[in-house]
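Novice: If you count by the working numbering, then the sequence shown holds residues 19 to 285, one letter each, in order.
Just so it is clear, CB atoms sit at the ideal spot from N, CA and C, and this is done for glycine as well.
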Amino acid sequence: LKYTQIDWDALYATNALQRDGHAVYAVGNRRSNNIAADIVAKVTTKLRGFDIDYGALVDIDSKRAFKVADDLLGANHILNIDYFIRDDATYSSKYRNNLRDNDLKIKGNQHYGYDYRLTRWNVGIFGVARWSIAGFDCEAGVNLSYVNIQRRGYFEKELLAGHRSYGKSRAALFYPSSFNARCEYHLGNNLFKAAVAVRGNAPREEAAFLQTDYNNRLADNLRTGITVAADIGYEYSNSKIALRTSLFLSHHSGECDILRYYDDLAE
Numbered sequence: 019l020k021y022t023q024i025d026w027d028a029l030y031a032t033n034a035l036q037r038d039g040h041a042v043y044a045v046g047n048r049r050s051n052n053i054a055a056d057i058v059a060k061v062t063t064k065l066r067g068f069d070i071d072y073g074a075l076v077d078i079d080s081k082r083a084f085k086v087a088d089d090l091l092g093a094n095h096i097l098n099i100d101y102f103i104r105d106d107a108t109y110s111s112k113y114r115n116n117l118r119d120n121d122l123k124i125k126g127n128q129h130y131g132y133d134y135r136l137t138r139w140n141v142g143i144f145g146v147a148r149w150s151i152a153g154f155d156c157e158a159g160v161n162l163s164y165v166n167i168q169r170r171g172y173f174e175k176e177l178l179a180g181h182r183s184y185g186k187s188r189a190a191l192f193y194p195s196s197f198n199a200r201c202e203y204h205l206g207n208n209l210f211k212a213a214v215a216v217r218g219n220a221p222r223e224e225a226a227f228l229q230t231d232y233n234n235r236l237a238d239n240l241r242t243g244i245t246v247a248a249d250i251g252y253e254y255s256n257s258k259i260a261l262r263t264s265l266f267l268s269h270h271s272g273e274c275d276i277l278r279y280y281d282d283l284a285e
């Protein structure tokens, strides 16, 4: 490499040469303000030979992501435009990042580039039963869930005008329910164990959209992933020795993710 450090003096000098005072170079900071809340209501009931827990839960995770101009390096302002598009032969005329603001000039610590919120709602009901009988200790549980993922754009990009980038997107809906069961059997110094679980997994918030920084468009073929797991084990123990062995299996299917890259790399 020719340069191993940033020549800050050159960056300041380049900005100083701009007649209108805009920053050719600036230091930006990508920020994320997160709000999370969990509400759980649980009831325990004891029946003959059974302990049962059941209830409902609400899980909210909301993240506002944006970029701010931390340091304009001596300049007066930075232009709130998409510099990648400005140099594009096809889309160079639609480079404004926010049609809702007629002033392209961004001062220090103001939002520029992108500004959006991702919100995930998870609402569910659950139940777990435990019982013991004839040396067996068993447990079985079920969780029925509803997941809602939505994006709200605060910038209206010129390239993606209207609801394509501004306001609330369509909601991505999933029902990632689960079931699990386990059982243990005690026979003297021997312990036999077995467990099985089937769990649904909703995609990550960022994987539900084609491009979260700019676009309200949902990704194609979104679906709930399925994980199936099983585990069997044996333990022997006495006052001098303890032996443990186990065999487990897990299988994942239907999961989806988004891989993003710039078209310059594809070329």
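Quick check: what's the CA-CA separation for A284 versus A93?
Specialist: Locating residue 284 in the sequence shown gives position 266, counting from the first residue. Locating residue 93 in the sequence shown gives position 75, counting from the first residue. With a pLDDT of 48 at A284, under the threshold of 50, the predicted position of this residue should be treated as unreliable, though the coordinate-derived value follows. Cα-Cα distance, rounded: 34 Å.
Novice: Taking the alpha helix (DSSP H) that T32 belongs to, which residues open and close that run?
Specialist: Taking the sequence shown and counting its residues from 1, one reaches residue 32 at position 14. Counting along the chain, the alpha helix (DSSP H) containing T32 begins and ends at 26-34.
Novice: Taking the continuous alpha helix (DSSP H) assigned at R104, which residues delimit it?
Specialist: The sequence position of residue 104 within the sequence shown is 86, counting from 1. First-last of the alpha helix (DSSP H) with R104: 101-104.
Novice: Using the C-alpha atoms, what's the distance from L97 back to T32?
Specialist: Along the sequence shown, read from residue 1 onward, the residue named residue 32 stands at position 14. Along the sequence shown, read from residue 1 onward, the residue named residue 97 stands at position 79. Looking at the two C-alpha atoms, the distance is approximately 15 Å.
Novice: Cα separation between D77 and A54?
Specialist: Position 59 of the sequence shown, counted from the first residue, corresponds to residue 77. Position 36 of the sequence shown, counted from the first residue, corresponds to residue 54. Between D77 and A54, the C-alpha separation is close to 8 Å.
Novice: Let me know the secondary structure DSSP gives R278 once reduced to three states.
Specialist: Working through the sequence shown from its first residue, we reach residue 278 at position 260. Coil.
Novice: Any heavy atom of the ligand SAM closer than 7 Å to the beta-carbon of G206?
Specialist: Within the structure as shown, the ligand SAM is missing, as the structure has no ligands at all.
Novice: For I167, is the classification buried or exposed, using 16 other Cβ atoms within 10 angstroms of its Cβ as the cut-off for buried?
Specialist: Here residue 167 refers to the residue found at position 149 of the sequence shown. So I167 ends up on the buried side.
Novice: Is A226 closer than 8 Å to D236 when the C-beta atoms are compared?
Specialist: In the sequence shown, residue 236 corresponds to position 218, counting from 1. In the sequence shown, residue 226 corresponds to position 208, counting from 1. Reading off the sequence shown, one finds Leu at residue 236, where the question assumed Asp. Closer than 8 Å, so yes.
Novice: Since R114 sits in a beta bridge, which residues does DSSP pair it with?
Specialist: As a position in the sequence shown, residue 114 is number 96, starting the count at 1. Partner(s): I99.
Novice: Find out if the Cβ-Cβ distance for the pair T242, Y164 is shorter than 8 Å.
Specialist: Position 224 of the sequence shown, counting from 1, holds the residue named residue 242. Position 146 of the sequence shown, counting from 1, holds the residue named residue 164. For T242 and Y164, no; Cβs fall outside 8 Å.
Novice: Could you check what DSSP says for A213 in three-state terms: helix, strand or coil?
Specialist: Position 195 of the sequence shown, counted from the first residue, corresponds to residue 213. Three-state result, A213: strand.
Novice: Indicate the three-state DSSP secondary structure (helix, strand or coil) for E223 in the structure shown.
Specialist: Counting from one through the sequence shown, the residue named residue 223 turns up at place 205. Helix at E223.
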